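Here the sequence shown stands for residues 1 to 240, where the numbers follow full-length UniProt numbering.
We treat Cβ as the ideally placed atom computed from N, Cα and C, and that holds for glycine.
Only a predicted model underlies this, so the values are computations on that prediction, with no experimental measurement involved.
What follows is a short report on a single structure.
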Amino acid sequence: MTTLWIAAAFVAAYLIGSLSFAVIVSRAMGLDDPRSYGSGNPGATNVLRSGSKKAAVLTLLLDAVKGLIPVLLVRLFGERVGLGEGSAMLVGLGAFLGHLWPVFFRFQGGKGVATAAGVLLGFEPLLGLGVLAIWILVAKTTKYSSLAALIASGVAPLLHAIFWGGSSATLAIFVMSLLLIWRHASNIAKLINGTESRIGQKAKPAEAGGAAAADAAPVAAPANRAERRRNARQAKRKTH
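Encoded structure:
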């Protein structure tokens, strides 16, 4: 029965993680699809390149919350059905995988930094805060969000093993860190050759081609149509 509870919680967390808030928030605020400019990544850092700090902050918070809530629920109520801390991190991994490969967005997701932070905060608040502090320190010093994410994610499983003892939860954190680093492969290459974008840098057309760009184009169209309608109304008022 416990296995069924774990499976159900994992699937539920994956579905929650599959909500790509970078795309959802951008649509709601009339912005271009984040997959169509900058790095092409549907995440808060790329949304910031649209010029809307409000949209970026909202995306960041929602991406973190979708990682935090499933883990926190298991931590608070999981013992009633036999779910321990290892199960909580497994559920968090489900939310993280949903962000990386969202079923609702053709499995084209982000890199998972904010969602991973939410998972760690829900699982062990002190660990989450420590990792966030490392991210902030590196980001403020270098202005590279990707470098901050790489260092913070690399340190996370080590911190858990040292201060909380190695366990199945440590393994889940390690897997999450490896996936996050793997998703930053292109950023690592750009950091090495000096072409990586800094935090707040103005948006450029998406560097990510192929399926992601093709998928983004139909989404960006409604915003362009809305802009054309506004221009048409303004032109009509001028003629009258």
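Closer than 8 Å by C-beta to residue i: which residues in its own chain qualify, once you throw out the five before and the five after it? Chain order, please.
i      : result
Pro218 : For Pro218, the predicted structure reports a pLDDT of 37, less than 50, and the residue's modelled location is therefore unreliable. A value from the coordinates is still provided. The answer is none, since no qualifying residue turns up.
Arg75  : Glu85, Ala88, Gly122 and Phe123
Pro102 : Gly17, Ser18, Leu19, Ser20, Gln108 and Gly109
Phe174 : Pro157
Which value, in whole angstroms, describes the spacing of the CA atoms of residue i and residue j?
i           : j      : result
residue 248 : Pro157 : In this structure the chain extends from 1 to 240, so residue 248 is not present and cannot be described.
Ile188      : Leu83  : 37 Å
Ala172      : Ser39  : 28 Å
Glu196      : Lys140 : 16 Å
Gly166      : Ala149 : 22 Å
Ser26       : Ala55  : 7 Å
Ser52       : Ser145 : 17 Å
Ser153      : Ile181 : 7 Å
Leu97       : Ala28  : 24 Å
Ala198      : Lys143 : This sequence places Arg at residue 198; Ala is not what is there. Near 5 Å, if we compare the C-alpha coordinates of Lys143 and Arg198.
Phe163      : Gly128 : 13 Å
Leu60       : Leu4   : 32 Å
Leu90       : Arg80  : 17 Å
Asp32       : Leu58  : 16 Å
Tyr37       : His184 : 17 Å
Phe77       : Ile69  : 12 Å
Leu179      : Asp63  : 17 Å
Ile151      : Ser186 : 16 Å
Between residue i and chain D, is the shortest Cβ-Cβ distance under 8 Å, so that the two count as touching?
i     : result
Tyr14 : Among the protein chains of the structure shown there is no chain D, as only one such chain exists.
Using a Cβ-Cβ cut-off of 7 Å (strictly less than) and excluding sequence neighbours within five positions of residue i, which residues of its own chain qualify?
i           : result
Pro42       : Ser20, Ala22, Val23, Pro34, Arg35, Gly109 and Gly110
Leu147      : Val138 and Leu191
Ser177      : Ser153, Gly154, Ala156 and Pro157
residue 246 : Outside the displayed range of the chain (1 to 240) lies residue 246, so it cannot be described from this structure.
Val65       : Gly118
residue 249 : Past the boundaries of the shown model lies residue 249; the chain is included only from 1 to 240, so the question cannot be answered.
Which same chain residues end up closer than 6 Å to residue i when comparing Cβ atoms and leaving out the 5 residues on each side of it in sequence?
i      : result
Gly67  : Ala95, Thr115, Gly118 and Val119
Phe104 : Ser18
Thr2   : Gly82
Segment contact, 8 Å Cβ cut-off, at least three pairs: the segment 45-63 with the segment 7-16: Short answer: they don't touch.
Touch test, the segment 127-134 against the segment 106-114, Cβ-Cβ under 8 Å, three pairs minimum: No, they do not touch.
Cβ contact (3+ pairs, closer than 8 Å) linking the segment 65-74 and the segment 147-161: These segments do not touch.
Length at least 4, wholly inside the segment 139-176: the alpha helix (DSSP H) runs in chain order: Every alpha helix (DSSP H) of 4 residues or more that sits fully in the segment 139-176 is shown, in chain order, as 145-164.
Secondary structure, alpha helix (DSSP H): runs of 4+ residues fully inside the segment 48-88: Taking only runs of at least 4 residues, the alpha helix (DSSP H) segments lying wholly in the segment 48-88 are 53-77.
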